[in-house]
Structures are given as C-alpha cells and as structure tokens.
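For the sequence shown, the residue numbers in the numbering used here are 96 to 469. Using N, Cα and C, we set each Cβ at its ideal position, and we do this for glycine too. Single-structure report; data block below.
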Amino acid sequence: MSVLYLAIPQNTLPAVNRFQLRKARIPLLKLTQNLSILSCAEGLSPDTVSGLTFNSITMKTQTINPQSAKATASKNKDQKSEKVDVYQLITDAIIARLEAGVIPWKCSWSKSSTIPANYLTKRAYNGINAFLLASFGYEHPFFLTFNQAKELGGMVRKRAKSIPVIFYKLLEKTAPNAKEEEKIPLLQYYRVFHISDIEGIDFKLPGRIVNPDIDLVKECEAIISTMPNAPSIVFEGSQPCYIPGLDTVRMVGIEKFTSTDEYYQTLFHELVHATAHKSRLNRDLTGGFGSNSYSIEELIAEMGASYLSALTGIETDTLLDNALLDNAAGYIQGWLKALKNDRKMLISAASKAQKATEYIAGPYMEKESYRQHT
96 MSVLYLAIPQ
106 NTLPAVNRFQ
116 LRKARIPLLK
126 LTQNLSILSC
136 AEGLSPDTVS
146 GLTFNSITMK
156 TQTINPQSAK
166 ATASKNKDQK
176 SEKVDVYQLI
186 TDAIIARLEA
196 GVIPWKCSWS
206 KSSTIPANYL
216 TKRAYNGINA
226 FLLASFGYEH
236 PFFLTFNQAK
246 ELGGMVRKRA
256 KSIPVIFYKL
266 LEKTAPNAKE
276 EEKIPLLQYY
286 RVFHISDIEG
296 IDFKLPGRIV
306 NPDIDLVKEC
316 EAIISTMPNA
326 PSIVFEGSQP
336 CYIPGLDTVR
346 MVGIEKFTST
356 DEYYQTLFHE
366 LVHATAHKSR
376 LNRDLTGGFG
386 SNSYSIEELI
396 AEMGASYLSA
406 LTGIETDTLL
416 DNALLDNAAG
426 YIQGWLKALK
436 NDRKMLISAA
446 SKAQKATEYI
456 AGPYMEKESY
466 RQHT
C-alpha cells in the first residue's frame, strides 16, 4: 500500500543566515568519526550520534516551568543526583510554547539572520534545541549557562528564566566477557539564559547581515538539482505529495502558489519525505493518516523544510499561511495530543530532520559557488 504524505505549505518556516547554518552543521557531522572530540563542555548533540545504541535515562518526571537563576544555580550543583526524565522535560517545554500559541518549528529566525548559538563558544544549537530557543523570538539569539556568565564577569538577573538544552553524554560500559568497552549515549540536559538576562558583560553583537547578491530561486534550484539519488519530480494533480511506491514527488505548478517562496518550501517538504525511501535514509513510511508514525514523519518534513529554507535565506516571516492561520487552534491541539502521547517524538523528529537536510543539501553546501557566499 502506498502512503501519500501531503504537503503543509511552509509559509511561516524559519529563515536563518545560510552561512551560519552551514558553519554550524558541517563540522558536527565530522564529530561522529572522532569520539575523542565529543567530551566538549556542551556535550554531544543528538543528531551527531550515528552507529551507536541509544539509551535514555529513565527517571522521575520533573515539571518544566522555566527556572529562575537562583534555582538553576542550585540545580547545577545537585544535577548529578537529581532524577529527571529528559525526554519529558523537553517535550513539556515545547508543549508550553504550543499552549502559548507559538509553533516552535514555524518560528522565523530572519530577524537576527542567525540561528540560536552559545555566545561564548560561538557554537550554534541544533536539533530541537534550535527550535525551542528560537521560539522565544529574541532579536539576538545568544545564550550562556550560569557558569559561563560568571566566567565572563557577568551575573544572571534575579528571577531570570532559564531554558533547557539537551545533549548526549557518552557512557563507557564494559559487559562481562566483552573485549571492548561499549559507548552508550545518555540523554542529559543543562540550562541556558538569554544574554538580555545577564548583567555586567559588554556583549559584542553582530549586525543584521544581508547579501543582496544572493538569488534565492537560484539557490533553491541548486539544492534540488544537486540532491544525490533524487526522486522523480512530476507536475500533475492538484495536491503536492510524495508517493513512496513510485519514489516520486508530485507537485503542482509554481503559478498555483501565492509566492515563489511558498512553492519552494512545499517542494522542500516533499523532498524531506523522499529521504525516507529505503534507498536513502530508510525511515518508516507505512503508517496511515492519523497514526503516530505518520505524525512523526510529518514533523520531520516540517522541520526539514525549515532547515532547507534557512539554507537559502528565504524570509518566511513576511509570508502568511491563511489555511494554517484559519485553523491555528486545531493545528496546535493536534500536535499537543501527539506530543503528549509520545514524549520522544520531538527529539527524534528534529534529529531525523537534520539528517534529511544534510542528505539533500550536502553536495550544495560543498560547492564553491556556495562557499563564496559564506
């Protein structure tokens, strides 16, 4: 049975600075080949782990309202002994944003022209961390931990709210009679504060970067044309979709969309679905409409289209998806139900969305013409 994965127009997807995203992602891919590098202070991001058996720390759930600076400082001291279900922690954080009327994977990053990053290390956050931090809408999306702020001579404001950030820590375990130690990634977290909540530091912030020489249509086409082992793309029918049985993306003509940007965001959405094919990343596409696996795949496609739009610099905050706006309450309620039923959905989907983006756009990001813009 073929399953049609229908497109959700990506009119409000994040747009971020292309070269910031490139510099954030490509080096992380290389970390999987050198585990000795992974002991860095901020840990190993979920999407950079490959070829390892994943375990999570199964712990007692903690309520996830943003914590104050004082509570965070106290928690940092006791973190080793505190038991927290990290999957639930992050899911609750995203649920809180949804209940506030914010859809994290549809937040625009174009105001700052960069994705959220650590101010001290300059390392961009990725996976679900990037979406969660971006959902707060800061013009300058830079963050520090409590200790990093102290290291720079600053102090977190009283009653400032922290935001959880996840990472994987490699635990070495030797099984009985085993010749080699097994490395098990354990999901953990720490908390960060936005720089606006930190006093005593003269932050040097970059201005908005705009490159008028970038042809967005040309960049979008470059991503599509260089995708390895690409599916067939046909222009027929009235509804964009990916047909797994035929390994074909079905699109409608660009004239049917309200804008060129909307057309490419929708095509990116379907190309992310296409990476699920067994000849590519081999994700499960057997779930029917309304099933848990179908919901996960849709979330992967939405997040992946967001990343791809970011690569081209599409300014999604100027677009309005009227169909989504008219049914925003129903859309949010649908995701709230799905997330409450599967606490691992968000972290898994965000990780797979980045892998799909890297599969589609990897060759494009290595081209000389692309590097000249970075």
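Through-space distance from residue j to residue i, alpha-carbon basis
i, j, result
"S446", "I223", "8 angstroms"
"Q283", "F262", "5 angstroms"
"L394", "E461", "27 angstroms"
"Y285", "K264", "12 angstroms"
"G408", "Q360", "12 angstroms"
"K435", "I185", "12 angstroms"
"I319", "G425", "32 angstroms"
"V344", "A191", "35 angstroms"
"G457", "A188", "31 angstroms"
"D310", "S354", "15 angstroms"
"H235", "D292", "12 angstroms"
"G332", "E392", "22 angstroms"
"T153", "R218", "Because T153 sits at a pLDDT of 31, beneath the cut-off of 50, its placement in the model cannot be relied upon, and the point is left open."
"A433", "G295", "43 angstroms"
"P280", "Q428", "32 angstroms"
"G196", "F231", "11 angstroms"
"E316", "N272", "54 angstroms"
"W200", "I290", "22 angstroms"
"Y402", "I349", "21 angstroms"
"L239", "I198", "24 angstroms"
"A255", "M322", "44 angstroms"
"Q449", "F226", "12 angstroms"
"F352", "A405", "20 angstroms"
Beta-carbon separation (whole angstroms), residue i vs residue j, contact threshold 8 angstroms
i, j, result
"R252", "N324", "The pair is not a contact, with the Cβ atoms about 51 angstroms apart (cut-off 8 angstroms)."
"F241", "F298", "With a Cβ gap of about 16 angstroms, F241 and F298 do not count as contacting."
"A369", "Y389", "Not confirmed; about 16 angstroms, so no contact."
"Y220", "V260", "7 angstroms"
"N377", "D437", "About 20 angstroms separates the two Cβ atoms, so there is no contact after all."
"L431", "L193", "6 angstroms"
"H372", "P301", "No, H372 and P301 are not in contact; Cβ-Cβ is about 39 angstroms, not under 8 angstroms."
"H364", "E397", "7 angstroms"
"V367", "A451", "5 angstroms"
"A229", "I210", "7 angstroms"
Where residue i falls: helix, strand or coil (DSSP)
i, result
"F241", "helix"
"K299", "coil"
"V181", "helix"
"I395", "helix"
"P236", "coil"
"P211", "coil"
"S176", "Here the model assigns S176 a pLDDT of 42, short of 50, so the residue's position is not dependable, and the following value carries that caveat. Correct three-state label for S176: coil."
"E275", "coil"
"R192", "helix"
"I293", "strand"
"F288", "strand"
"T156", "Model confidence at T156 stands at a pLDDT of 33, short of 50, so the residue's coordinates are unreliable; what they give is reported in the following sentence. Note: T156 maps to coil in three-state DSSP."
Local Cβ density within 10 Å of residue i, reported as buried at 16 or more and exposed below that
i, result
"G399", "buried"
"Q53", "Lying outside 96 to 469, the shown extent of the chain, residue 53 is not represented and no answer is given."
"L266", "exposed"
"G249", "buried"
"V329", "exposed"
"E357", "buried"
"D379", "exposed"
"N112", "Residue placement at N112 is poorly supported in this model, since its pLDDT is 38, which falls under 50; the coordinates still yield a value, given next. That one is buried."
"F384", "exposed"
"V312", "exposed"
"E453", "buried"
Residue ranges of each beta strand (DSSP E) run of no fewer than 3 residues wholly in the stretch 304-391, ordered along the chain? 327-330, 336-338, 343-346
Counting only runs that start and end within the stretch 245-272, where is the beta strand (DSSP E) found for 3 or more residues in a row? 258-268
Runs of alpha helix (DSSP H) lying entirely within the stretch 419-466, each at least 4 residues, in chain order: 423-436, 440-461, 463-466
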